[in-house]
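Colleague:
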Amino acid sequence: MDSTAAAFEKQISKTKVKNVLSRVLIYSVLILWAFSSIYMLFWVVNNSFREKTEILNDSFSFVTYPTDENYRTAFGRLSREENMSILRAYLNSVIISGSTVICVTVLGGLAAYAMARYSFKLKNVLYLILAGSLLFPAYSLIVPIFRMIQGIGLVNNPIGVIIPQTAVNLAFSIIILMGFIKNLPTEIEEAAYMEGCGVFSVFFRIILPVTKPAFATVGIFTFLWSYNDLFLQMSILRKRVSYPVSALLNEISSQFGTDFGLMCSATTIVVLPILIIYLFLQKNIMKGLTAGAIKG
Amino acid sequence: MYFLAGSETGIIMLYKDKRPLIIFLAPALLVMGIFLYYPFLQNFADSFYEINGFGSETRTYIGIENYKQLLQDKIILQAIKNTSLMILFTIVFEIGVALVLALMVDGIRTGAKFFRTVFFFPIVISATAIGLMFNLFYAYNGGLFNQILEKLGLNPVLWLSDEKAIYMIALPIVWQYVGFYFVIILTGLNSVPEDIYEYAYIDGVQGLKRIWYITLPLVWDVLKACLILGITGSLKIFDMAWVIAPYGAPKGITHFFGTYLYQTTFFSQTVGYGSAIAVLVVILGLLMSFAVMKLIRSKAFFYSEDM
Numbered sequence: 402m403d404s405t406a407a408a409f410e411k412q413i414s415k416t417k418v419k420n421v422l423s424r425v426l427i428y429s430v431l432i433l434w435a436f437s438s439i440y441m442l443f444w445v446v447n448n449s450f451r452e453k454t455e456i457l458n459d460s461f462s463f464v465t466y467p468t469d470e471n472y473r474t475a476f477g478r479l480s481r482e483e484n485m486s487i488l489r490a491y492l493n494s495v496i497i498s499g500s501t502v503i504c505v506t507v508l509g510g511l512a513a514y515a516m517a518r519y520s521f522k523l524k525n526v527l528y529l530i531l532a533g534s535l536l537f538p539a540y541s542l543i544v545p546i547f548r549m550i551q552g553i554g555l556v557n558n559p560i561g562v563i564i565p566q567t568a569v570n571l572a573f574s575i576i577i578l579m580g581f582i583k584n585l586p587t588e589i590e591e592a593a594y595m596e597g598c599g600v601f602s603v604f605f606r607i608i609l610p611v612t613k614p615a616f617a618t619v620g621i622f623t624f625l626w627s628y629n630d631l632f633l634q635m636s637i638l639r640k641r642v643s644y645p646v647s648a649l650l651n652e653i654s655s656q657f658g659t660d661f662g663l664m665c666s667a668t669t670i671v672v673l674p675i676l677i678i679y680l681f682l683q684k685n686i687m688k689g690l691t692a693g694a695i696k697g
Numbered sequence: 271m272y273f274l275a276g277s278e279t280g281i282i283m284l285y286k287d288k289r290p291l292i293i294f295l296a297p298a299l300l301v302m303g304i305f306l307y308y309p310f311l312q313n314f315a316d317s318f319y320e321i322n323g324f325g326s327e328t329r330t331y332i333g334i335e336n337y338k339q340l341l342q343d344k345i346i347l348q349a350i351k352n353t354s355l356m357i358l359f360t361i362v363f364e365i366g367v368a369l370v371l372a373l374m375v376d377g378i379r380t381g382a383k384f385f386r387t388v389f390f391f392p393i394v395i396s397a398t399a400i401g402l403m404f405n406l407f408y409a410y411n412g413g414l415f416n417q418i419l420e421k422l423g424l425n426p427v428l429w430l431s432d433e434k435a436i437y438m439i440a441l442p443i444v445w446q447y448v449g450f451y452f453v454i455i456l457t458g459l460n461s462v463p464e465d466i467y468e469y470a471y472i473d474g475v476q477g478l479k480r481i482w483y484i485t486l487p488l489v490w491d492v493l494k495a496c497l498i499l500g501i502t503g504s505l506k507i508f509d510m511a512w513v514i515a516p517y518g519a520p521k522g523i524t525h526f527f528g529t530y531l532y533q534t535t536f537f538s539q540t541v542g543y544g545s546a547i548a549v550l551v552v553i554l555g556l557l558m559s560f561a562v563m564k565l566i567r568s569k570a571f572f573y574s575e576d577m
């Protein structure tokens with residue numbers, strides 16, 4: 402019985418794509434799309450090691466005599482003459498996005514736990530309000546937010562970006578985390594209660610350790626969103642010294658747009674850390690994305 | 271919505287005491303209330319005022335004047351056109367290509383994971399960096415595209431000309447988001463139970479027929495979610511358009527709602543008018559999302575020939 406079922410399944414999976422011709426067609430399309438994506442990145446990285454004039458003549462061949470001039474310029478000249486530097490921008494980005502991730506996961510985690518476990522009046526209304534806020538585009542909020550931030554005196558201050566970014570990301574994280582916590586069996590919590598544990602020790606000792614992967618997903622997603630966000634950061638951080646990476650990159654492109662070598666190295670510098678993070682954490686990223694897309 | 275009614279797990283003794291609830295909920299709700307919901311309502315109120323500049327701003331109540339102005343604004347019309355075009359591209363090229371790629375990857379064994387990783391990576395890169403990269407491709411002198419043309423013995427092309435600019439903004443957006451929809455659709459395909467395919471196989475339904483009659487209807491909800499995400503996403507376009515063509519360059523013809531709102535608010539400093547644009551975007555987003563949900567709910571629509 403078992404072996405026939407296995408054989409049958411094998412046949413099914415074989416018939417997934419039956420003939421050789423369509424197989425060849427499928428792989429050619431897939432490889433072509435993958436190649437074009439990879440080649441674009443390769444072109445940028447490859448040319449970041451080339452001199453400006455060389456790029457204009459021949460940008461396709463593999464670089465034979467790599468130069469670090471573009472990277473020297475990217476890390477050096479910007480800081481002295483233009484009052485901006487890539488290292489400084491990295492620091493700003495890490496401060497802003499790191500803090501946002503901490504705020505979102507802590508506040509979101511607490512709220513999600515309450516939403517998942519307690520029953521209270523207006524809980525359903527609260528959920529609908531949370532889900533509804535996912536529809537607000539960031540720029541429908543920016544003017545009042547800017548006014549408030551200016552009122553508190555936090556323009557050009559990283560905190561002025563961290564707070565609104567936290568607010569914008571909280572709804573998503575609460576909804577995702579709530580889904581995870583709801584699916585946990587309650588037996589352990591009940592046992593802990595019998596042993597005399599309070600709600601807070603249940604949250605920190607039982608819920609948190611078990612939902613770590615979910616927190617990782619939410620954290621990574623918040624980080625990516627925050628690091629890549631241009632609109633909020635550009636609106637509130639209006640001095641070059643306070644620019645995070647994405648705003649600086651935008652500035653570099655408007656000032657040095659014709660210097661191909663510098664542009665390639667600047668793009669590489671911004672994209673590379675994200676790519677490395679992605680390759681290491683892609684499982685969590687995809688899980689979070691699909692959970693968010695289908696539930697949101 | 272299925273986890274709305276939380277009766278089965280929530281009520282154990284531990285959670286009878288409701289006092290800790292405040293400590294759990296208050297911080298998040300406070301931050302969201304002040305920096306998300308209040309600004310949203312404030313923005314709505316602002317749209318009925320004429321407000322000039324930040325800080326030392328002057329406010330004059332003008333009723334629905336801003337909205338009247340919206341109706342006559344040529345750039346708003348242009349933004350509506352550009353956004354509609356982008357929604358069309360989203361459906362045909364982003365979701366369409368993503369669906370084809372997802373079906374292909376779902377049909378193979380070897381290399382599926384590799385393709386998933388490669389196709390998805392553009393989405394983690396910022397729109398700013400991708401926009402900048404494509405600016406390098408579009409450059410007239412020495413850009414990647416013109417160098418390819420040169421190799422083929424063709425004349426260089428002015429890629430960001432009046433007629434082409436909007437497509438050149440659309441191209442990187444499409445390239446970036448194909449991977450996004452690809453992963454969502456692929457996840458949907460993976461969740462289709464195997465035995466349905468077995469029955470189909472017994473009934474002799476295979477290949478394209480199986481995709482059309484069995485696979486697609488089963489992932490229809492996922493495609494619907496993609497459609498709503500695509501529409502609301504198109505309404506939110508800002509970064510990419512701003513990096514490739516700031517201020518709607520050339521001559522304001524590549525403006526989207528986001529770029530125009532940014533320009534009116536932060537450069538022209540007509541804040542009330544900017545608020546009205548934001549309200550328009552939210553209303554359009556809600557209306558179109560509901561339209562998609564209503565329109566596609568009926569199965570008859572899906573099975574009709576013109577789909």
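Chains as they are written, first to last, in my numbering: chain A, 402 to 697; chain B, 271 to 577. Even for Gly, the Cβ is constructed at its ideal location relative to N, Cα and C.
1) Which of the three DSSP states, helix, strand or coil, is assigned to Tyr530(B)?
2) What's the call for Gln348(B), buried or exposed, on a 16-neighbour Cβ count within 10 Å?
3) Against chain A, with Cβ distances strictly below 8 Å, would Lys506(B) count as a contact?
4) Ignore the nearest five residues each way along the sequence and tell me which others in Thr457(B)'s own chain have a CB closer than 8 Å to its CB.
5) Using CA atoms only, rank isn't needed, just tell me which of Ser431(B), Thr502(B), Leu284(B), Thr534(B) is closest to Ile514(B).
6) Run through DSSP, which three-state label would Arg379(B) get?
7) Just how far apart, CA to CA, sit Thr535(B) and Tyr543(B)?
8) Would a check of beta-carbon distances place Ser500(A) closer than 8 Å to chain B?
9) Does the distance from the C-beta atom of Asn336(B) to that of Ala546(B) stay below 8 Å?
10) Between the region 529–541 of chain A and the region 551–559 of chain B, can you find at least three pairs of beta-carbon atoms closer than 8 Å?
11) Which whole runs of the alpha helix (DSSP H) in the region 566–598 of chain A are 4 residues long or more, in chain order?
12) Establish whether the CB of Ser654(A) and some CB of chain B are separated by less than 8 Å.
13) Given Gly323(B), which residues of its chain have a CB within under 8 Å of its CB, disregarding the five upstream and five downstream residues?
14) Helix, strand or coil, according to DSSP, for Ala319(B) in the structure here?
15) Step through the CB atoms of chain B and report whether any lies within less than 8 Å of the CB of Thr468(A).
16) Below 8 Å, can you find three or more Cβ-Cβ pairs linking the region 442–452 of chain B to the region 356–367 of chain B?
17) Is the CB of Lys288(B) under 8 Å away from at least one CB in chain A?
18) With a threshold of 8 Å on Cβ separation, who are the neighbours of Val475(B) within its own chain once the five nearest residues in sequence on each side are excluded?
19) Decide if Asp459(A) is buried, meaning its Cβ has at least 16 other Cβ atoms within 10 Å, or exposed.
20) Short of 6 Å in beta carbon distance, which residues of its chain neighbour Ile543(A), apart from the five on each side in sequence? Order them along the chain.
21) Residues of chain A with a CB under 9 Å from the CB of Phe310(B): which are they?
22) Kindly say whether Pro565(A), judged by its beta-carbon, lies nearer than 8 Å to any beta-carbon of chain B.
23) Does chain A have any CB closer than 8 Å to the CB of Thr279(B)?
24) Just reading off the alpha helix (DSSP H) that Arg480(B) is part of, what are its end residues?
25) In terms of residues, what are the limits of the beta strand (DSSP E) holding Leu331(B)?
26) Taking DSSP as the reference, what is the three-state secondary structure of Thr659(A)?
27) By the three-class DSSP mapping on this structure, what secondary structure does Thr540(B) have?
28) Chain B beta carbons: is any one of them nearer than 8 Å to that of Ala617(A)?
29) According to DSSP, simplified to helix, strand and coil, what is Tyr644(A)?
30) Can you name, in chain order, every residue of its own chain whose Cβ lies under 7 Å from the Cβ of Phe575(A), other than the five neighbours on each side?
31) Check each residue of the region 406–418 of chain B: if its Cβ is closer than 7 Å to any Cβ of chain A, include it; give the result in chain order.
32) The ligand PLP heavy atoms versus the CB of Leu638(A): any closer than 7 Å?
33) Give a yes or no on whether the minimum CB-CB distance between Thr398(B) and chain A is below 8 Å.
34) Could you pull out every residue in the same chain whose Cβ sits closer than 7 Å to the Cβ of Gly561(A), ignoring the five residues on either side in sequence?
35) Quick check on the DSSP output: the alpha helix (DSSP H) that includes Tyr540(A) runs from which residue to which?
36) What residue does the alpha helix (DSSP H) around Ile455(B) start on, and which one ends it?
Modeller: Let me spell this out:
1) helix
2) buried
3) yes
4) Val492
5) Ser431(B)
6) coil
7) 8 Å
8) no
9) yes
10) yes
11) 588–595
12) yes
13) Gln539, Val541
14) Position check: residue 319(B) holds Tyr in this sequence, whereas Ala was assumed. Correct three-state label for Tyr319(B): strand.
15) no
16) yes
17) yes
18) Tyr483, Ile484
19) exposed
20) Ser636
21) Ser534, Phe537, Ser541, Leu542, Pro545
22) yes
23) In this prediction, Thr279(B) scores a pLDDT of 45, lower than 50, which makes its location untrustworthy; the coordinate-derived value is nonetheless stated afterwards. It does; some Cβ of chain A falls within 8 Å.
24) 477–480
25) What sits at residue 331(B) in the sequence shown is Tyr, not Leu. Run containing Tyr331(B): 328–331, per the beta strand (DSSP E) assignment.
26) coil
27) strand
28) no
29) coil
30) Checking the displayed sequence, the identity of residue 575(A) turns out to be Ile instead of Phe. For Ile575(A), where only same-chain residues beyond five positions count, the Cβ hits under 7 Å are Gly509, Ala512, Ala513, Met516, Leu531.
31) Leu406, Asn411, Gly412, Leu414, Gln417
32) Absence of the ligand PLP from the depicted structure is noted, as is the absence of any ligand whatsoever, leaving it without description.
33) yes
34) Ile550, Leu555, Ile637
35) Per DSSP, Tyr540(A) belongs to no alpha helix (DSSP H) and is neither H nor E.
36) 435–460
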